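In the UniProt record's numbering, the protein residues as written are 1 to 60.
Quick reminder that beta carbons are idealized off the backbone N, C-alpha and C, glycines included.
All figures in this text were calculated on a predicted structure; none of them were measured in a lab.
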């Protein structure tokens with residue numbers, strides 16, 4: 001005989017879980033993109049934007 005499981009999940013739980021999963025992947029994509037560009041700039045020698053702006057201001 002199978003006993004009933006006391007594991008009711010209301011409809012709102014599905015949308016909360018879906019939102020959490022989408023948010024996790026969005027945050028992971030943003031973080032990955034941020035570190036990818038930092039690594040790319042470090043490898044190929046691009047200066048940070050603040051340094052570029054300072055250099056442009058000094059040449060005027």
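Identify the continuous alpha helix (DSSP H) that holds residue 3 and give its terminal residues.
For residue 3, no alpha helix (DSSP H) run applies, since DSSP gives it neither H nor E.
First through last residue of the alpha helix (DSSP H) which encompasses residue 21:
Its alpha helix (DSSP H) spans residues 11-44.
Quick one: grab the DSSP three-state call for residue 7.
coil
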